[in-house]
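Asker: Sharing a structure here in structure tokens format.
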Amino acid sequence: MMSRMGRPVYLTIGKFFPLTLGTFVAVTRIAFSSATVLKAVN
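The sequence shown begins at 2 in our numbering and counts up by one.
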């Protein structure tokens with residue numbers, strides 16, 4: 002139990018890619034841009 006406390010905790014995307022602030026911002030920008038394009042098309 003004590004050995005686990007020394008390891009940092011990371012959030013991962015689908016158990017493959019670590020979620021950092023940079024990746025979160027990039028994914029959020031892409032999602033917002035995609036939603037804006039879809040809204041403009043309709």
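We put the CB at the ideal spot given by N, CA and C, even for glycine.
Taking just the CA atoms, how far does V10 sit from F17?
Answerer: For this step, residue 17 is matched to residue 16 along the sequence shown. For this step, residue 10 is matched to residue 9 along the sequence shown. When rounded, the distance between both Cα atoms is 14 Å.
Asker: DSSP three-state call for F17: helix, strand or coil?
Answerer: Stepping through the sequence shown from its first residue, residue 17 is reached at position 16. F17 falls in the coil class under three-state DSSP.
Asker: Taking a contact to mean a Cβ-Cβ separation below 7 Å, would you say I14 touches L22 in this structure?
Answerer: For this step, residue 14 is matched to residue 13 along the sequence shown. For this step, residue 22 is matched to residue 21 along the sequence shown. Their beta carbons are not under 7 Å apart, which means I14 does not touch L22 by this criterion.
Asker: Report the three-state DSSP secondary structure of R8 (helix, strand or coil).
Answerer: In the sequence shown, the residue the question calls residue 8 occupies position 7. In this structure, R8 counts as coil in the three-state DSSP scheme.
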